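Enquirer: Positions 170 to 315 (this note's numbering) are the ones given, in order, by the sequence shown.
Ideal placement from N, C-alpha and C gives every residue a C-beta, glycine not left out.
Bear in mind the structure is a predicted one, so any value in this text is a computation, not a measurement.
Mind looking over this structure? Questions follow.
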Amino acid sequence: MYQTILLAVDFSKAAASVAQRAVRLADAGGAKLTLLHVVEYLPVLDFSGDPMAMTPMVIDEKLLLESARKSLQSFVDKHLGDVEVEQQVCIGTPKLDILRVVGEQKIDLLVIGSHGRHGFARLLGSTAAAVLNDCPCDVLAVRVKD
Ligand code: AMP
């Protein structure tokens with residue numbers, strides 16, 4: 170049985186059904202369930218494709234994180250009710266930060282959707298494919314249909 174399960178939440182249409190699957194697995198094995206949302210932040214690039222040293226827009230990371238925390242709490246309230254979960258948010262790149270958290274927190278099962286907000290163009294979405302390639306633990310890619 171798995172003891173530490175990480176659910177990657179992207180707030181897409183399918184996120185609730187992916188979450189239900191993770192909750193059932195955690196329930197069945199008495200596992201700790203952690204939810205992670207990564208706020209995607211793309212730096213402004215210059216003409217050569219490098220991040221610009223000075224961007225005209227100041228990004229308030231504290232505000233971004235606060236808003237992500239609220240969204241994740243609403244997601245839990247709406248879809249998971251009183252299930253006990255840990256919630257985490259960070260700013261970064263989904264595939265990299267999901268893998269970072271898996272490594273840092275000794276996760277033994279990662280639950281993701283086969284597709285999320287990045288589309289249905291391929292068999293697996295871009296985050297799902299990247300994570301499956303490099304993840305050191307088991308991965309459940311819940312099939313998401315359109
Ligand atoms: P994608 O491959 O990007 O279409 O997304 C597939 C799955 O990766 C989603 O169903 C989520 O489980 C996870 N995922 C994608 N983007 C994020 C994100 N920003 N934060 C957390 N998980 C994400």
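1) Pick out the complete alpha helix (DSSP H) segments inside the segment 180-218, 4 residues or longer, and give them in chain order.
2) Is LEU249 helix, strand or coil by DSSP?
3) Please classify ALA191 as buried or exposed, where buried requires at least 16 other C-beta atoms within 10 Å of its C-beta.
4) Output the distance between the C-alpha atoms of LEU241 and ASP307, rounded to the nearest integer angstrom.
5) Are the segment 271-281 and the segment 241-254 touching by the rule of at least three beta carbon pairs closer than 8 Å?
6) Shorter than 8 Å, the distance from the beta carbon of THR296 to the closest heavy atom of the ligand AMP, or not?
7) Judging by CA-CA distance, which residue of ALA183, LEU202, ASP303 is the nearest neighbour of ASP266?
8) From this set, GLN172, ALA297, THR203, which residue's C-alpha is nearest THR262's C-alpha?
9) Return helix, strand or coil for ASP229, following the three-state DSSP convention.
10) Per DSSP, what are the beta-bridge partners of VAL258 in this structure?
11) Would you say the beta carbon of ILE281 is closer than 8 Å to some non-hydrogen atom of the ligand AMP?
12) Would you say the beta carbon of ALA195 comes nearer than 8 Å to a heavy atom of the ligand AMP?
Expert: So, from the data block:
1) 184-198
2) Translated into positions along the sequence shown, residue 249 becomes position 80. The answer is coil: DSSP assigns LEU249 none of H, G, I, E or B.
3) Here residue 191 corresponds to residue number 22 of the sequence shown, with the count starting at 1. Buried, since its Cβ has 16 or more Cβ neighbours within 10 Å.
4) Numbered from its first residue, the sequence shown carries residue 241 at position 72. Numbered from its first residue, the sequence shown carries residue 307 at position 138. Using only the alpha carbons, I get a separation of about 24 Å.
5) no
6) Counting from 1 along the sequence shown, the entry for residue 296 is found at position 127. At least one heavy atom of the ligand AMP is nearer than 8 Å to the Cβ of THR296, so yes.
7) By 1-based counting over the sequence shown, the position of residue 266 is 97. When each option's Cα is compared against that of ASP266, the closest is ASP303.
8) Start at 1 with the first residue of the sequence shown, and residue 262 comes out as number 93. Measuring from the Cα of THR262, the nearest candidate turns out to be ALA297.
9) Residue mapping note: residue 229 aligns to position 60 of the sequence shown, counting from 1. In this structure, ASP229 counts as coil in the three-state DSSP scheme.
10) Working through the sequence shown from its first residue, we reach residue 258 at position 89. In DSSP, VAL258 forms a bridge with HIS206.
11) Sequence index remark: in the sequence shown, residue 281 carries index 112 (1-based). Indeed, a heavy atom of the ligand AMP lies less than 8 Å from the Cβ.
12) Your numbering for residue 195 matches position 26 in the sequence shown. Result no, Cβ not under 8 Å from the ligand AMP.
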